[in-house]
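Everything below concerns the one structure shown next.
Number of protein chains: 4
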Amino acid sequence: MTHSNKNTAILLISCPDQKGIITNVTNFIFKNQGNIIELEQHVDKLSGKFFMRVEWELNGFLIDKEKIKSEFYKEMGLPFHMEWDINFSNYIPKMALFVSKHAHCFLDLLARYQANEWPIHIPIVISNHQEWQTIVENLNIPFYYLPISKENKAEQEAIQLQLMEQYKIDFIVLARYMQILGSNFIHKFPNKIINIHHSFLPAFPGAKPYHSAFERGVKIIGATSHYVTDELDTGPIIEQDIIHVSHNDSIEDLIRKGKDVEKIVLSKAIWKHLNRKILVHNNRTIVFT
Amino acid sequence: MTHSNKNTAILLISCPDQKGIITNVTNFIFKNQGNIIELEQHVDKLSGKFFMRVEWELNGFLIDKEKIKSEFYKEMGLPFHMEWDINFSNYIPKMALFVSKHAHCFLDLLARYQANEWPIHIPIVISNHQEWQTIVENLNIPFYYLPISKENKAEQEAIQLQLMEQYKIDFIVLARYMQILGSNFIHKFPNKIINIHHSFLPAFPGAKPYHSAFERGVKIIGATSHYVTDELDTGPIIEQDIIHVSHNDSIEDLIRKGKDVEKIVLSKAIWKHLNRKILVHNNRTIVFT
Amino acid sequence: MTHSNKNTAILLISCPDQKGIITNVTNFIFKNQGNIIELEQHVDKLSGKFFMRVEWELNGFLIDKEKIKSEFYKEMGLPFHMEWDINFSNYIPKMALFVSKHAHCFLDLLARYQANEWPIHIPIVISNHQEWQTIVENLNIPFYYLPISKENKAEQEAIQLQLMEQYKIDFIVLARYMQILGSNFIHKFPNKIINIHHSFLPAFPGAKPYHSAFERGVKIIGATSHYVTDELDTGPIIEQDIIHVSHNDSIEDLIRKGKDVEKIVLSKAIWKHLNRKILVHNNRTIVFT
Amino acid sequence: MTHSNKNTAILLISCPDQKGIITNVTNFIFKNQGNIIELEQHVDKLSGKFFMRVEWELNGFLIDKEKIKSEFYKEMGLPFHMEWDINFSNYIPKMALFVSKHAHCFLDLLARYQANEWPIHIPIVISNHQEWQTIVENLNIPFYYLPISKENKAEQEAIQLQLMEQYKIDFIVLARYMQILGSNFIHKFPNKIINIHHSFLPAFPGAKPYHSAFERGVKIIGATSHYVTDELDTGPIIEQDIIHVSHNDSIEDLIRKGKDVEKIVLSKAIWKHLNRKILVHNNRTIVFT
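So the protein lines, in turn, are chains A, B, C and D.
When we follow the working numbering, the leftmost residue of the first sequence carries the number 7, and every step to the right adds one.
When we follow the working numbering, the leftmost residue of the second sequence carries the number 7, and every step to the right adds one.
When we follow the working numbering, the leftmost residue of the third sequence carries the number 7, and every step to the right adds one.
When we follow the working numbering, the leftmost residue of the fourth sequence carries the number 7, and every step to the right adds one.
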């Protein structure tokens, strides 16, 4: 659900499953006069873990916004052994965009930005190619051209990391960025780097998935958006979709048709991330509705 | 989520939205040692109504199964002005099937029955045609042939109603039953008669929707499952889906291809109904996941 | 199929169905040394009409490009009473864009333009609002601000028509242009004005379809791209698609989610139009693959 | 397109691409007074091969049905180095069904059979389990119980082969038959054994794909229908589809939901095969519309 001009707190929890969690957490909100507008929970039977997302209105809430976290920690987080996070809906997240030559995902995100579709800031675009510089700068977004070679990779990544800090980046979107990020970079942003891969994973990981799809003669092609982890194309999957293709489609057709799936899948994943709908557990995502 | 051999209680609530409902209801379960395995809620902003479905394990629950309803009424239902219903997962619902000539939905349901796909009883099949009698009787299901004409309609419906009572039917599925039920019958089963209409409503209500779809030159055809109300094809929609078609498809092709959508859409609606996932409000459904 | 750098002729035919058409037309191409790379045909049983699209390579074709039309007319068009059209793949069509406030379709088309996704020219953008002027002019596309009121409508449409002539526009895309074009304008561009309507027609024509969809409680929302005719939202449908929604989606959610369907459906329709894949007959389209 | 009571010939061709094939083949039909009702062609650019399907009405065709093949061979097949096949629409193909325990695909096919959805004979059902015997025999179809063990496998397959001959089987459907057929059997029915695999291949081949899908945390599950070849789950793909799933779906849910995709995908593949719409080239299918 979207709510324009919402003033809410969003709590994400994961902890060992046990009786009374929902009651206790909702009571924490209730007794402080909070009105819950959305609650979703999930139990992972196999691992016995409990997950929840609760969103409540801050208007009239008895605890000051600045103190909510410390109060929650004391009353709930600590006694229930929770991993938890509280965010506020009126905070506008800062998203960094990384792009290479293929710009369809990237331009789709910029279009949403221009049309004010999402509550988001894009403080910076980084590319290993120069061709999108003018477009980006026309939108008054700083553009950093950081070409990558075997030799300069470590160095450039250090610069990228420094830029992430400088611009206080909350999360990163690889909008068809055709470089593999180093471990060091990835570990600085756990579950905060969103990638789009142009196949329905786990089929066709790595380079040139459309060529492999054509070769295999599949009747569907797809796209997968996932959080980036150390191992290529195996991170937690956030969103996937496919379209139907036929013998009539050349590799060029697959590439052309695939672009639309890629951009829609990526944008859906970002939307979920933006709205704090995602939890990660055992390399799998819980994506609330 | 399916759980084989579950022993749970399922509570469905609707009431005016107010702070503390979730806390109070979950606390009722918690303090009686119930373990919640699923909770979903929804707030209708426009009408200010709150809806919830909670399912909890009965093993170890302190209130006797027979007394749960009366206890809940006293503690929750009454003070919170709730409409509510409690059902138990180990009860096997009794579904009556009505069918005419087109048997694809009907045979699909029988196939699921034979393969034990669903926890369900089919105590009776009613048809205004005789051709499916043998198939039904081979499955040891009583088959009632009740042909309908203008003249005998009221009379036959009285018999149908009497059969519903005799077989203690919980809900009715019109599996392409090409007769319009009378008001009297419908009012006896509010939100308990599931129909499948062979178009994406509200487009093409009434007779021969595939002919109308062909005529209009649409590029999709669909099916809609809904609860039956007095007005034809306008009841609360439970499930819809479509498939793509082209100029290449004749009316016969639309009819043939549509059958698969119809049967899948109908079966999804029944599954949701079976699992007590549906609430109805202002002619719209809340269908929990 | 896409072919980069193709040099082909594309023939579109419609005529009364009769034996020998395919043989005669393909023989015309064969005896002049043309190599057919794609042939699709369709027979409308009800009206007894035959439709065909043939594409062949011009390299080595014995008839000069300039004379193909006159030769075809003499040998085929006239004796077989054909309506026909021949186009050449290396001609880049000129598309005019009309847009109002909602820019998602419009920006999506501009993004494709910037990324060189399609072989197309956009010589002009017309809007009744000023807000997209800078974006358009940054792409070096002339932008015409033509606000429409009851009083100036005829006058402004005369200007629009004059601009279409001046820029030698081949076809027009209404990318969520919220004005109804006059008959005079429409008749100048038969089957050459592509509109996107934000519902699965024939359901929810006219204004505010997402509001109506919400009100009705449908479980799918969709979009329809069609050629514009005199009667609102009833022209020949080119492309349709839908997405699933739930009780959880507010009207704002429907509008937000619908945007992605709208833009993909519109772009698919334009792609088919661009590639001369569409014939219109009795207010229905034949859209070759 | 379906045509009830059609009396047509269906020609399938593959040969090296060369100018004039369409003209020559259609002229063969035209000069013998045949009326073409459907023609589709495809060129595989990479291998330079040409494929075509032509269907024409036999009423009034000058060549006797019995002589069409020999005449075609002489005039077309031989000079153009074609692989080709001619079939007649009024021939009802004989389909053998193999099934194990999971019966959803199998029962779906039987339901279509009972409802006369397809022009098909099912002369025999073979199973390595006994539980579907009564259902099959109620439909007056001979049922052969042939349990398979490591020891008796060769022997039982010899019996199966002999039964295929005895019942003059045209093609075989493995409706979730959980045994791997031997090479000898497979080579007797090239591109005539249709299997349904319960994943979107090439992801999750082999056993327990739903378990692997759950483990990987994918957001879609699917099914693939393909012709059986020597190597497991790598034959030419005919049809694929998927449905969306979520963290909320247990392995049991995936299995339950997957059943519907499996049966629809399998039935679509069979329909295409029945209507002689499929050609195989380099382990990929050409599936005409």
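A virtual CB, placed ideally from N, CA and C, is assigned to each residue, including glycine.
Where the beta strand (DSSP E) through residue i begins and ends
i, result
"C:Phe149", "Phe149 to Tyr151"
"D:Lys71", "Where D:Lys71 is concerned, there is no enclosing beta strand (DSSP E), given that its DSSP letter is neither H nor E."
"B:Arg6", "In the structure as shown, chain B starts at 7 and stops at 295, and residue 6 of chain B therefore has no counterpart that could be examined."
"D:Thr291", "Arg290 to Val293"
"D:Glu44", "Asn41 to Asp50"
"D:Leu17", "Thr14 to Pro22"
"D:Ile178", "Phe177 to Leu180"
"C:Leu285", "Ile284 to His287"
Cβ-based burial, residue i [other Cβ within 10 Å; buried from 16]
i, result
"C:Gln24", "exposed"
"D:Ala117", "buried"
"A:Pro85", "exposed"
"C:Pro196", "exposed"
"D:Asp70", "exposed"
"D:Leu187", "buried"
"D:Ala160", "exposed"
"C:His204", "buried"
"A:Ser273", "buried"
"A:His217", "exposed"
"A:Ile98", "exposed"
"A:Thr32", "buried"
"B:Asn96", "exposed"
Supposed close pair residue i, residue j - CB separation, criterion 8 Å
i, j, result
"D:Asp236", "D:Val271", "Not confirmed; about 22 Å, so no contact."
"C:His87", "C:Ile200", "With a Cβ gap of about 29 Å, C:His87 and C:Ile200 do not count as contacting."
"A:Cys111", "A:Lys269", "5 Å"
"A:Ala219", "A:Leu260", "6 Å"
"D:Ala181", "D:Phe104", "7 Å"
"D:Leu45", "C:Gln166", "Actually they are not in contact, since the Cβ atoms of D:Leu45 and C:Gln166 sit about 42 Å apart, beyond 8 Å."
"D:Ser355", "D:Met184", "The structure shown does not extend to residue 355 of chain D, since chain D spans only 7 to 295, so no value can be given for it."
Inter-residue spacing [alpha-carbon to alpha-carbon] between residue i and residue j
i, j, result
"D:Asn289", "A:Lys214", "20 Å"
"A:Glu163", "A:Trp124", "28 Å"
"A:Trp138", "C:Ala121", "10 Å"
"C:Phe149", "C:Asn134", "11 Å"
"C:Gln172", "C:Leu152", "16 Å"
"D:Glu61", "D:Asn41", "9 Å"
"D:Ser231", "D:Ala275", "6 Å"
"A:Met7", "A:Pro242", "Since pLDDT at A:Met7 reaches only 40, below the 50 mark, its modelled position is unreliable, and the value read off the structure follows with that caveat. Between A:Met7 and A:Pro242, the C-alpha separation is close to 23 Å."
"D:Ile192", "C:Asp176", "55 Å"
"B:Asp239", "B:Ala229", "11 Å"
"D:His108", "A:Val142", "56 Å"
"D:Ile284", "A:Val224", "14 Å"
"D:Asn30", "D:Leu64", "19 Å"
"D:Gly26", "B:Ile244", "55 Å"
"C:Gln39", "C:Thr291", "31 Å"
"C:Cys21", "C:Thr295", "20 Å"
"A:Ile147", "B:Arg59", "46 Å"
"A:Phe67", "A:Ala15", "10 Å"
"B:Gln168", "B:Asn11", "33 Å"
"A:Ile130", "A:Ala102", "5 Å"
"A:Met82", "A:Ile92", "12 Å"
"B:Ile202", "D:Leu145", "27 Å"
Contact test: residue i Cβ vs the ligand NAD heavy atom, cutoff 7 Å
i, result
"B:His87", "Looking at this structure, you won't find the ligand NAD or any other ligand, since it has none at all."
Span of the alpha helix (DSSP H), counted from its first residue to its last, around residue i
i, result
"B:Glu258", "Ile257 to Leu280"
"A:Ile249", "Where A:Ile249 is concerned, there is no enclosing alpha helix (DSSP H), although the beta strand (DSSP E) it sits in stretches over Ile243 to His250."
"B:Asn33", "Ile27 to Lys37"
"C:Met170", "Lys159 to Gln172"
Please specify which runs of the alpha helix (DSSP H), each continuous and at least 4 residues long, are wholly inside the segment 195-234 of chain C, giving them in chain order. 215-222
Report the residue ranges of all alpha helix (DSSP H) runs contained in full by the segment 73-140 of chain D; include only those spanning at least 4 residues, in chain order. 74-78 and 110-120
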